[in-house]
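For reference, the structure discussed in these notes is given below.
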Amino acid sequence: RITGMPDAGCFRVVSKGGCCSWSDTVALHNSSGALSKKCTAAQGSANEAWRCFTVPTLLPYISSALFVLQSQFDHFQLSAMAGIKCMLAQAYVPPWKHTPATNCTASDRSAIAAYGAGWVKDFMPLIEKQNVGLFLTGCVAHEERGTVGWTTLKAGGVLLRDAFHQWHMETLPTIATES
Numbered sequence: 676r677i678t679g680m681p682d683a684g685c686f687r688v689v690s691k692g693g694c695c696s697w698s699d700t701v702a703l704h705n706s707s708g709a710l711s712k713k714c715t716a717a718q719g720s721a722n723e724a725w726r727c728f729t730v731p732t733l734l735p736y737i738s739s740a741l742f743v744l745q746s747q748f749d750h751f752q753l754s755a756m757a758g759i760k761c762m763l764a765q766a767y768v769p770p771w772k773h774t775p776a777t778n779c780t781a782s783d784r785s786a787i788a789a790y791g792a793g794w795v796k797d798f799m800p801l802i803e804k805q806n807v808g809l810f811l812t813g814c815v816a817h818e819e820r821g822t823v824g825w826t827t828l829k830a831g832g833v834l835l836r837d838a839f840h841q842w843h844m845e846t847l848p849t850i851a852t853e854s
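Adding 675 to a residue's 1-based position in the sequence shown gives its number in our numbering.
Following this line, the structure appears as structure tokens:
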């Protein structure tokens, strides 16, 4: 069976702040012609077709199997989209810096927790209804596979490579999450 494996690409559609205007991104990359015709027709207006560039909107129109690798606390989303100051000061991958600018305040930690809870709220109903497997970690990271993630990263006690294999062979439930 054909399976796609997006890694760190399930972005929330945020209404304010941050870097990413999805409508501008679609225009910049001239992506409108590549958007799902069924999805764009369902948006009701050509001005809203950009929404089909986002996973929450597009997922119901994807018929291929997907095994999604994602952090509930995606570093890029926390920094560039949510604008959480201590995340802006950190690199995307360890080793993490330990400076006053990178120390997360109580307010930052609350914003991180709220963003992660919002991610689950936005994506779980869609993922549970589709031919989609999910490997969701609770690590602050952008990209899950990396150079060693395939053989070392675990969620729910299961290695990424084993979770994919078992899901692909239909012997593992759809969702493996880190507790």
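Virtual Cβ for every residue (Gly too), placed ideally from N, Cα, C.
According to DSSP, which residues form a beta bridge with Lys-616?
Not covered by the structure: residue 616. The range shown for the chain is 676 to 854.
Any chance you could list the beta strand (DSSP E) runs of at least 3 consecutive residues sitting entirely within the stretch 708-763, in chain order?
With a minimum length of 3 residues, the continuous beta strand (DSSP E) runs that stay inside the stretch 708-763 are 740-749.
What separation, rounded to the nearest whole angstrom, lies between the Cα atoms of Trp-794 and Asp-682?
C-alpha separation (whole angstroms): 15 Å.
Cβ of Glu-819 within 9 Å of Cβ of Leu-835?
Yes, the Cβ-Cβ distance between Glu-819 and Leu-835 is below 9 Å.
Return the residue from the list Lys-760, Leu-811, Asp-749, Val-807 that minimises the CA-CA distance to Gly-679.
It is Val-807 whose Cα lies nearest to the Cα of Gly-679.
Report buried or exposed for Ser-854, applying the criterion of at least 16 other Cβ atoms within 10 angstroms of its Cβ.
Low confidence applies to Ser-854: its pLDDT is 46, below 50, so where it sits in the model is not reliable enough to give any reading.
Go ahead and pull the three-state DSSP assignment for Ala-792.
Reduced to three states, the DSSP call for Ala-792 is helix.
From the DSSP output, read off the bridge partner residues of Asp-682.
Note: Asp-682 sits in a beta bridge opposite Leu-744.
Please classify Val-807: does DSSP put it in a helix, a strand, or coil?
Note: Val-807 maps to strand in three-state DSSP.
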